[in-house]
Each structure stands twice: as structure tokens, then as C-alpha cells.
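Colleague: Sharing a structure, written as C-alpha cells. Questions coming.
Numbering (the numbering used here), first residue to last: 186 to 458.
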């Protein structure tokens with residue numbers, strides 16, 4: 186039903202939203218980067234954890250902007266793009282477009298405030314901005330699933346498990362982005378604490394994704410609609426079985442869970458030695 190550009194938009198928007206939320210939460214709970222006239226003006230001299238948050242925010246902003254570009258390219262004309270923000274009535278697509286645009290702008294501001302020296306900026310303002318960014322990230326992560334629920338072309342998407350899977354997938358991508366970014370900075374105490382926390386959260390999220398995926402299959406198999414049952418059959422052993430079992434279940438869930446558990450075990454072993 187969707188082309189490659191829209192599929193890329195949905196994926197990149199989820200990755201960007203998850204990354205912004207993960208970086209913002211990491212700063213709120215672990216990093217607590219100071220701002221104002223007394224901060225280190227040179228970015229390369231900042232603490233590793235501060236550079237990690239800035240890098241994840243920049244990458245997330247880039248993913249959001251690239252995703253928005255994919256959607257604009259799919260629409261093809263500037264008037265269609267503008268209609269997402271101006272044309273009544275208000276729809277989930279309108280709200281999603283505004284959420285993506287606002288989150289992209291806010292992520293860019295949060296990143297630039299760290300890369301640039303802004304002496305008049307205060308920590309309290311950044312805290313408020315990060316909390317707002319987390320709220321917008323949730324909207325972006327959920328709205329695509331809610332939008333799919335309203336489409337009648339594929340009855341399988343009418344399940345409430347669909348927006349749940351979108352939100353959990355975005356959260357998992359955000360944790361993975363934070364942990365991947367930690368490979369490029371020095372591992373001080375704040376970085377290690379943030380990475381361990383992200384790994385623990387991701388384990389919970391991946392397990393929840395598996396439960397949601399099982400719930401989606403149970404919903405489909407138990408449906409009295411022939412189209413929904415046909416979709417379930419396609420996922421189980423039909424044309425959609427390979428991407429479902431190999432890409433989503435094996436790589437997206439099982440392999441990712443194994444990696445996260447391995448990281449936690451190695452980190453626990455290093456902390457005891």
C-alpha cells in the first residue's frame with residue numbers, strides 16, 4: 186500500500202523520535218549538562234557524556250529531517266506538502282506532520298545549544314525543552330500506528346497492537362542509537378551509567394515488542410474477518426513470512442535481545458573485577 190519513500194519516512198521518523206527521547210532522558214537523569222556563561226566553550230573539551238548526548242541529538246535530527254524529505258518527495262509537489270500543515274479538517278496526518286516538524290526543529294535547537302557556545306542559555310530552559318521533546322517524540326512514535334489503524338485497505342492494521350509496536354520500536358531504536366554513539370566517546374562513569382540503563386530499558390522494550398507481536402498474531406488468528414486471517418496466514422507461512430520471521434523476529438527481536446543481554450553481562454563482569 187505504501188511506497189518505499191513513505192516506508193522510509195515511517196522508519197526514520199521512529200528512529201529520530203526514539204533517539205531524541207533517549208538523549209533527552211539521558212541528559213535529564215545522568216548527564217545534567219550545565220549551561221550558561223561558565224560552561225566549556227570548546228565542544229571537543231566537553232565531558233564524553235555531553236558529547237554523546239549532542240551526537241545522538243544531531244543524528245536524530247538528521248533522521249527526522251531525512252524522513253520528512255522522503256515524505257515530501259513522495260507527495261511530489263510543494264502545495265501538497267503545505268496542505269499537510271494548513272488544509273482542514275485536522276487529521277492524524279496533519280497532527281503527525283506538525284509533530285515531526287516541531288520535533289525536528291527542537292532537536293536541532295537542543296543539538297546546536299551543545300555544539301555552540303550560548304552564554305545566555307540556562308539549564309532550566311534546556312530541561313523544559315527536553316521534556317517537551319520527549320512528549321513530541323511519543324506523539325511521533327505513536328501517530329503512524331494510529332494512522333494505519335484508520336486505513337481500511339489492510340484490516341490487520343486495525344489492531345491496537347499496531348501503534349504499540351510502533352512506539353516500542355521507536356524506543357528500542359533510541360536505546361540502540363545511544364549505545365552505538367557511546368562507541369565513539371570515552372567511557373567515563375556517566376557514559377557507562379547511561380549505556381547500562383539504556384541496555385536494561387531496551388531488554389524490557391524488546392520483550393514487550395515480542396509480547397505485542399504475539400498479541401498481533403493472536404488478534405489476527407482469532408478474527409472473524411477472512412482478510413485478517415489471510416494476513417495472519419501470510420505472516421506465519423506465506424509471502425510475508427520471510428520478512429516477519431527473519432527480519433523482525435530473528436534479527437529485530439532475538440538477535441537484539443541477545444546483544445543487549447551480552448552487553449549487560451559483560452558490563453556486570455567488568456564492574457565486579
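A virtual CB, placed ideally from N, CA and C, is assigned to each residue, including glycine. It should be emphasised that the depicted structure is a prediction, and the values quoted were computed from it without experimental measurement.
1) Consult DSSP for residue 283 and reduce its assignment to one of helix, strand or coil.
2) Measuring only the C-alpha atoms, how far is residue 329 from residue 412?
3) Would you mind reading off the limits of the alpha helix (DSSP H) that contains residue 407?
4) Considering only their Cβ atoms, is the gap separating residue 218 from residue 307 smaller than 8 Å?
5) Among the candidates 447, 257, 395, whose CA atom is the shortest distance from the CA of residue 349?
6) CA-CA distance, residue 286 and residue 446?
7) Can the beta-carbon of residue 251 be found less than 8 Å from the beta-carbon of residue 208?
8) For residue 226, I'd like the list of residues in its chain whose CB is within less than 8 Å of its CB, leaving aside the five on either flank, ordered along the chain.
9) Relative to the C-alpha of residue 246, which candidate in 216, 313, 198 has its C-alpha closest?
10) Answer with buried or exposed for residue 369, where buried requires no fewer than 16 other C-beta atoms within 10 angstroms of its C-beta.
11) How would you call residue 346, buried or exposed, if buried means at least 16 neighbouring beta carbons within 10 angstroms?
12) Please report the distance separating the alpha-carbon of residue 238 from that of residue 448.
13) Taking DSSP as the reference, what is the three-state secondary structure of residue 301?
14) Have a look at 268, 274, 320 and flag the residue whose alpha-carbon is nearest the alpha-carbon of residue 292.
15) Sort 214, 228, 188, 435 by Cα distance to residue 383 and report the nearest one.
16) Would you report the Cα separation of residue 403 and residue 414, rounded to the nearest angstrom?
17) Could you check where the alpha helix (DSSP H) with residue 350 kicks off and where it finishes?
18) Between residue 417 and residue 283, what straight-line distance do the alpha-carbon atoms span, to the nearest angstrom?
19) Please name the residue in 421, 361, 268, 223 whose C-alpha comes closest to that of residue 381.
20) Residue 312 and residue 356 look like a contact to me (Cβ under 8 Å); what is the Cβ gap, rounded to whole Å?
21) Which two residues bound the contiguous alpha helix (DSSP H) that contains residue 259?
22) Should residue 427 be labelled buried (16 or more other beta-carbon atoms within 10 Å of its own) or exposed?
23) Please classify residue 423 as buried or exposed, where buried requires at least 16 other C-beta atoms within 10 Å of its C-beta.
24) Let's see if you can read the secondary structure: which residues bound the alpha helix (DSSP H) around residue 460?
Modeller: The relevant details are as follows:
1) helix
2) 22 Å
3) Note, residue 407: premise wrong, no alpha helix (DSSP H); not H, not E.
4) no
5) 395
6) 35 Å
7) no
8) 302
9) 198
10) exposed
11) buried
12) 20 Å
13) coil
14) 320
15) 214
16) 10 Å
17) 346-366
18) 34 Å
19) 361
20) Not confirmed; about 21 Å, so no contact.
21) 233-260
22) exposed
23) exposed
24) The question about residue 460 has no answer here: the residues shown for the chain are numbered 186 through 458.
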